[in-house]
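See structure below.
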Amino acid sequence: MSAILLAGFGGQGILFAGKQLVLAGMKADKQVSWLPSYGPEMRGGTCNCSVNIDDEPIGSPLVTTPDILIAMNKPSLLKFEGRVAVGGTIVIDSALIDVKTSRDDVNACYIPATQMANDAGFPKLANVIILGYLIKKTGLYDYDYFMDCIKASAPKAKPELGELNAKALAMGYNYEG
Amino acid sequence: MGEKLLMKGNEAIAEAAIRAGCKLFFGYPITPQTELAEYMAKQMPKRGGLSLQAESEIAAINMVLGAASTGARVITSSSSPGISLKCEGISYIIGSDLPCVIVNVQRGGPGLGGIQPAQSDYNQATKALGHGDGHAIVLAPNSVQEIATLVGEAFDLADIYRMPCMILADGALGQMMEPVDFEAKPAREIPAKDWACCGHGGKRVHNIVNSLYIEPDQLEKIVLERFERYKKLEENEVKYEEYLTEDADIVLVAYGITARIAKTAVRNARKKGIKAGLFRPITLYPFPKKELNALADKANCFLSVEMNMGQMVNDIKLAINCKKDVYHYGRTGGMIPSPEEILAKIEEVSGGNA
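So the protein sequences, as listed, match chains A and B.
By my numbering, the letter at position 26 of the first sequence is numbered 26, and the numbering carries on one by one without gaps.
Take any residue in the second sequence, count from 1 to its spot, add 1000: that is its number in my numbering.
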């Protein structure tokens, strides 16, 4: 059972990252749900996404006590860190968040994902870098399995996107923080 | 089992409608329903149908009135403020005894309100979708998978009872993605549409679809006939689901997405030794009165859980003849209740007697 909350600004690919986690769960015959919450604007507003991956049918699709929090901006970390389950995991984009989590009873993982994505020339893939690091740190999915899923998620007309996502995922997975 | 797809609730409504043989969509975009219109715009032309973005909600519902007069399966969708605009047309459709499906992906209100999920159109949907003595069937799915079956059922019920059927969803259900399997639902027998105005080549007396009856005795007769149909609907088509109600001291009553959250709260209450159960109406009109009343002989109290200020409470009280206390827990304006909040309310109201 994993209740995951992904949060950040609109445009960072929060919803996309959540969808990849859910698709991989569905392919593995898990029960899954994906619930977005965002404002009326396409970019720049706050955005978060509740993801459930479970063996049992999902009750509430809204994640109120996440096992895993992915925070891609500071307001999201401050807003949601207090809700993370004891012993849970917080993945923090340390390129955008200049503070540490105030929680000492969780597994805190820092990765400068946005900086890494910019340096690698695919600035929009910080979200996928974070997914790679998440999988390394939590074992949520088998790396090779998830790699196949993320490659397959690219639209057929743009297979090169799958390759880029694969690079970003590997970069996050191999990050030594 | 067919292939599992990951879909938003809004998209699943559209896909299920197309699979139910609906060839016509008339709508106007509004958050949080727009994915439905978008899906129709993409798919209908490819699949032998028509998707038309009207100039307004009022125009769209009147296009539905026209299309339904010909006996075609037709659907429109909107969200709360847009449904208010459609109400005049819905009343005409009820008054003309026409089948169609109307989708309300509810958001916070009143007025323009907000764009986050709500259930604050319960009273509008179940009591007054327009002026006059009349009703629409109201179905409240609680998952993307249930949407896949209930939308087809909505078209069947609309055709069988010759009245509009509303799918009452909310912003969360519309926007959330879940796996869905469009397994064919069992076909129901649909009566011939011998009332439809679809051309007859002079071979029969022409049909008239109309909601104007100047003579009061004639209008009364037609309304009475319509209520005979409502009675049959209530006898034959009530749908609901029960979860751990058999020995429950406190019965939560919730529909749609809220029922899922309430179910989590019920499970957590059971872990704490509180005998909680959940009654989920799937048809909000006709409301499952008999079934709730039966529970009132066993349970100590009821707790209505909704994303509004307690609009279903009166229906529960009427259904159980006020035999037991009915409490309410709700959030409104686009706020979604958490399982923890609901559990706290369960503990509060079941305090001494659970």
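From the three backbone atoms N, C-alpha and C, an ideal C-beta is built for every residue, glycine too.
Note that the coordinates shown come from a computational prediction; the quantities given were computed from them, not determined experimentally.
Nearest CB-CB separation between residue 1084 (chain B) and chain A: not below the 9 angstroms threshold. Counting every other CB atom within 10 Å of its CB across the protein chains shown gives residue 1107 (chain B) a total of 16 or more, marking it as buried.
At least one CB atom of chain A sits nearer than 9 angstroms to the CB of residue 1177 (chain B). With contacts defined as CB atoms closer than 9 angstroms, residue 1167 (chain B) and residue 1154 (chain B) qualify as a contacting pair. Contacts with chain B (Cβ-Cβ distance below 7 angstroms) from the stretch 84-100 of chain A involve no residue at all. By the C-beta density criterion, residue 67 (chain A) is buried, having at least 16 other C-beta atoms within 10 angstroms. Taken in chain order, the complete beta strand (DSSP E) segments of 3 or more residues contained in the stretch 100-161 of chain A are 107-111.
In this structure residue 1238 (chain B) touches residue 1286 (chain B) by the C-beta definition: roughly 5 angstroms separates them, less than 8 angstroms. The C-beta separation of residue 1090 (chain B) from residue 1136 (chain B) comes to about 7 angstroms, placing the pair in contact by the 8 angstroms criterion. Taking residue 1146 (chain B) as the centre and dropping the five residues before and after it, the same chain places no C-beta closer than 7 angstroms to its C-beta. Contact between residue 59 (chain A) and residue 1260 (chain B) holds: CB atoms are separated by about 5 angstroms, below the 8 angstroms threshold. Buried is the label assigned to residue 1306 (chain B), since at least 16 other Cβ atoms lie within 10 Å of its Cβ. Following the DSSP letters along the chain, one finds residue 1024 (chain B) inside the beta strand (DSSP E) bounded by residues 1024-1027. DSSP, read as helix, strand or coil, puts residue 1087 (chain B) in helix.
The stretch 1071-1085 of chain B and the stretch 1290-1307 of chain B do not touch, with fewer than three beta-carbon pairs separated by less than 8 angstroms.
Taken atom to atom, the span from the alpha-carbon of residue 1192 (chain B) to that of residue 1099 (chain B) is near 13 angstroms. Measuring C-alpha to C-alpha distances from residue 126 (chain A) to each of A:137, A:113, A:134, A:20 identifies A:113 as the nearest. Within chain A, the residues placing a beta-carbon under 8 angstroms from that of residue 1267 (chain B) are 59, ordered along the chain.
Annotation: the stretch 2-48 of chain A contains the following complete segments of the beta strand (DSSP E) (minimum length 3 residues), in chain order: 2-9, 31-38. Per DSSP, the beta bridge partners of residue 1328 (chain B) are B:1304.
The beta-bridge partner set that DSSP reports for residue 1139 (chain B) consists of B:1167, B:1283. When the alpha-carbon of residue 169 (chain A) is set against those of A:73, A:78, A:20, A:7, the nearest one is in A:20. Ranked by how close their Cα comes to the Cα of residue 1 (chain A), the residues A:163, A:118, A:51 have A:51 in first place. Taking a cut-off of 8 angstroms on C-beta distances, the stretch 1062-1069 of chain B does not touch the stretch 1172-1189 of chain B, as fewer than three cross pairs fall below it. Straight-line measurement puts the Cα of residue 1025 (chain B) at about 15 angstroms from the Cα of residue 1086 (chain B). Assignment of beta-bridge partners to residue 1100 (chain B) by DSSP yields B:1164. Put simply, the CB of residue 1023 (chain B) is far from chain A, with every gap to its CB atoms at 9 angstroms or more.
The stretch 92-109 of chain A and the stretch 150-166 of chain A do not touch, with fewer than three beta-carbon pairs separated by less than 8 angstroms. Annotation: Cβ neighbours of residue 1006 (chain B) in chain A (cutoff 7 angstroms, chain order): 22, 23, 26. Per DSSP, reduced to three states, the secondary structure at residue 1107 (chain B) is strand. Residue range 1339-1349 is occupied by the alpha helix (DSSP H) that includes residue 1348 (chain B).
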